[in-house]
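Asks: Each step along the sequence shown adds one to the number in our numbering, with nothing skipped, and position 115 is 959.
Don't be surprised by glycine CBs; every beta carbon is placed ideally from N, CA and C.
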Amino acid sequence: MAQNSTFAGVQDVTGAETSASVSVRSVFLAVLVSVGANVLVNYTEYIVHASRMTLSHFPMGALLIYLLLVLVLNPTCRWLAARYALSSTELMVVLAGGLVGGAIPSVGLTGYFLGAIAAPFYFATPENQWAEFFHPYIPE
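1. Between the segment 941-949 and the segment 961-969, do three or more beta carbon pairs fall short of 8 angstroms?
2. Should residue 934 go down as buried or exposed, given a rule of 16 or more other Cβ atoms within 10 Å for buried?
3. Have a look at 911, 967, 974 and flag the residue whose alpha-carbon is nearest the alpha-carbon of residue 936.
4. Evaluate residue 924 with the Cβ neighbour count: other Cβ atoms within 10 Å of its Cβ, from every protein chain shown; 16 or more gives buried, anything less gives exposed.
5. Just reading off the alpha helix (DSSP H) that residue 969 is part of, what are its end residues?
6. I'd like to know whether the C-beta atoms of residue 938 and residue 866 end up nearer to each other than 8 angstroms.
7. Using only the alpha-carbon positions, how far apart do residue 927 and residue 869 sit?
8. Near residue 943, which residues of its chain fall below 8 angstroms by C-beta distance, leaving aside the five closest residues on each side in sequence?
9. In the structure shown, what three-state DSSP assignment does residue 917 receive?
10. If you drop the 5 nearest sequence neighbours on each side, which residues of the same chain put their C-beta closer than 8 angstroms to that of residue 974?
11. Which residues bound the alpha helix (DSSP H) around residue 868?
12. Helix, strand or coil: how does DSSP classify residue 931 here?
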């Protein structure tokens, strides 16, 4: 029975050579998954007005992109040219990058930032005179 190994140069159960270090392509893919998760989460929250994908038990935005990578793209790469297939270590880096980056749009920065941008205009009324006091100092 084959065992998983994290030593450099040893093949894991998928047949790909494992690496003990983080590769440049796995970091690049992690950034792409993170950006894709950010776009997907913002689209579903602010355009479609669907549920918040990052507040579930497991963030679905990053998971959907990761599953596409694992179930479609990586087996296709392994079938066409095995040297381009990602190892399990690289796949873990991609998932970790997507999970961390996918939390930023709603839990981290964007959810609060968009509200802070809109608040001076949304809450401006003739009674509180925010339009007179605050709006001249806000860049257009």
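Replies: The short version:
1. Contact fails between the segment 941-949 and the segment 961-969, because fewer than three Cβ pairs, one in each stretch, are under 8 angstroms apart.
2. Buried.
3. Closest in C-alpha terms to residue 936, from the list 911, 967, 974, comes 911.
4. Burial call: exposed.
5. In the DSSP annotation of this structure, residue 969 is not part of any alpha helix (DSSP H), being labelled neither H nor E.
6. At a Cβ-Cβ threshold of 8 angstroms, residue 938 and residue 866 do not count as neighbours.
7. Near 13 angstroms, if we compare the C-alpha coordinates of residue 869 and residue 927.
8. Once the five neighbours on either side are set aside, the close Cβ partners of residue 943 are 903, 906.
9. In this structure, residue 917 counts as helix in the three-state DSSP scheme.
10. Excluding residues within five positions, the ones whose Cβ falls inside 8 angstroms are 964, 967, 968.
11. Residue 868 -> alpha helix (DSSP H) spans 868-886.
12. Coil.
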